Every structure is written in C-alpha cells, then in structure tokens.
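If you read the sequence shown in full-length UniProt numbering, its first letter stands for residue 1, the second for the next number, and so on.
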Amino acid sequence: MASDEYVCPVCGHPVEQVVRRHKTLGVFVPLWRPGPCKNPECQAYAAAEVEKAEEAEPQPVVTAESGPAVDRVEDRDS
C-alpha cells in the first residue's frame, strides 16, 4: 500500500480520497482526506450514510418577517 492511500479505521478496507476546501490567507487550499467506508459489513458504513443524508437536507431559514415578498414591496410603494 502506498503512503497516499487511506484505510477505514474500523474495518481496514481501503477508502477513496475526498477533497475538501480550507481557506488560508484568503485562498482556498485543497485538503485531501479519507472518504467514507463503502463496505456494507463495516460499522462505519451506516454512520457515513446518515451524515450524507443530513448534509443533503438543508436547514430551513427563519426570517423575522412572514408572507410573500411581493406583498412587502407593494406596501412600500403606496
């Protein structure tokens, strides 16, 4: 195994590399990390699927004003 290959800490199977961004001095720098384990028999496999589902669902944005934006614009014009 080469030094640039990652393995799952739970089952020891090789995992792929994923790139993340890290901002340093105003510039985004690639940061290579181990990806999720894709071995269905691994305990870390289920945890990775839950994380992926949480990232896919955006959190709702709560604003102080309610109602459609069109109504607020019309109120200002009159």
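Glycine included, each C-beta is placed from N, C-alpha and C at the ideal position.
This structure is a prediction, so every number in the text was calculated from the model and none was measured.
(1) List the residues that DSSP assigns as beta-bridge partners of residue 107.
(2) Could you give the C-beta distance for GLY35 and VAL10, rounded to a whole number, given that I count them as a contact under 8 Å?
(3) Looking at GLY35 and the ligand FAD, is the gap between the Cβ and the nearest heavy atom below 7 Å?
(4) Could you tell me which residues DSSP pairs with VAL15 in its beta bridges?
So, from the listed chains and residues:
(1) Residue 107 lies beyond the range of the chain shown here (1 to 78); nothing can be said about it.
(2) Between GLY35 and VAL10 the beta-carbon gap is near 14 Å, outside 8 Å, which marks them as no contact.
(3) With respect to the ligand FAD, the structure offers nothing, as it holds no ligand at all.
(4) Answer is TYR6.
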